[in-house]
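Structure follows, in structure tokens:
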């Protein structure tokens, strides 16, 4: 469940952006909750758990920029999309977990672009539970380099070490198919987020060299390019 907050002192904006959020999340098939706040003070008072905050820069009392600064000292995880009528205020609004700026009137495509980036980052920060012999290994998706096949089973190579997985590469591929992983070879499933560079082989951030099937090299390079462009925006 994604928890979305709208903090804006123009209450008519709540319905407009709310309809855009409903369209976006229904199209994605993602459950979400929405809550509105008429001021920065109201948001601070409620102390609600919030994943994504659509935040007006120009509010009476506590401004959006002041609320952003408070959040970055109190709550690390809230991902902010600023909303503004005046682009000249944008330079002051940059900061950790600020994903972008929407100019009123907001356009659906621009909102979707920022939400896509946020959801991808949230997925990469999710934990994956891997069955390993008689125990479960919990690892963040972003910390996995790759999986390598070991017949009916596999091995996970991560930032914390190597672990036996009681799952086949095919099962892992199915489980991670909507995440940033690519089956580059019959024996390897790689995390696009931890690729250092691609030549005829893949060079991972940990220095490992991974083979690529000749018929998959183009798809890999195209997918990796799309991934890098998304991250750069």
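Numbering (the numbering used here), first residue to last: 2 to 234.
Each residue gets a CB set at the ideal place from its N, CA and C atoms; glycine is no exception.
So who's on the other strand from residue i, going by DSSP bridges?
i           : result
residue 117 : According to DSSP, residue 117 bridges with nothing at all.
residue 164 : 157
residue 124 : Per DSSP, none; premise fails for residue 124.
residue 129 : 140
residue 101 : 82
By DSSP, does residue i sit in helix, in strand, or in coil?
i           : result
residue 65  : helix
residue 271 : Outside the displayed span of the chain (2 to 234) sits residue 271, for which this structure offers no information.
residue 1   : Lying outside 2 to 234, the shown extent of the chain, residue 1 is not represented and no answer is given.
residue 9   : coil
residue 1   : The shown model of the chain, from 2 to 234, leaves out residue 1, and the question about it has no answer.
residue 58  : coil
residue 2   : coil
residue 137 : strand
residue 206 : coil
residue 218 : helix
residue 30  : coil
residue 200 : coil
Under the rule that 16 or more other beta-carbon atoms within 10 Å means buried, what is residue i, buried or exposed?
i           : result
residue 62  : exposed
residue 38  : buried
residue 80  : buried
residue 24  : exposed
residue 192 : buried
residue 222 : exposed
Give the single residue among the options whose Cα lies nearest to the Cα of residue i.
i           : options            : result
residue 200 : 207, 194, 211, 191 : 211
residue 118 : 8, 227, 6          : 227
residue 1   : 164, 131, 42       : Past the edges of the chain, shown from 2 to 234, lies residue 1, and the structure says nothing about it.
residue 189 : 73, 109, 230, 152  : 152
Can you round the beta-carbon distance between residue i and residue j to whole angstroms, since I take them to be within the 8 Å contact cut?
i           : j           : result
residue 26  : residue 33  : 5 Å
residue 170 : residue 148 : 6 Å
residue 35  : residue 56  : Between residue 56 and residue 35 the Cβ distance is about 14 Å, and since that is not below 8 Å, they are no contact.
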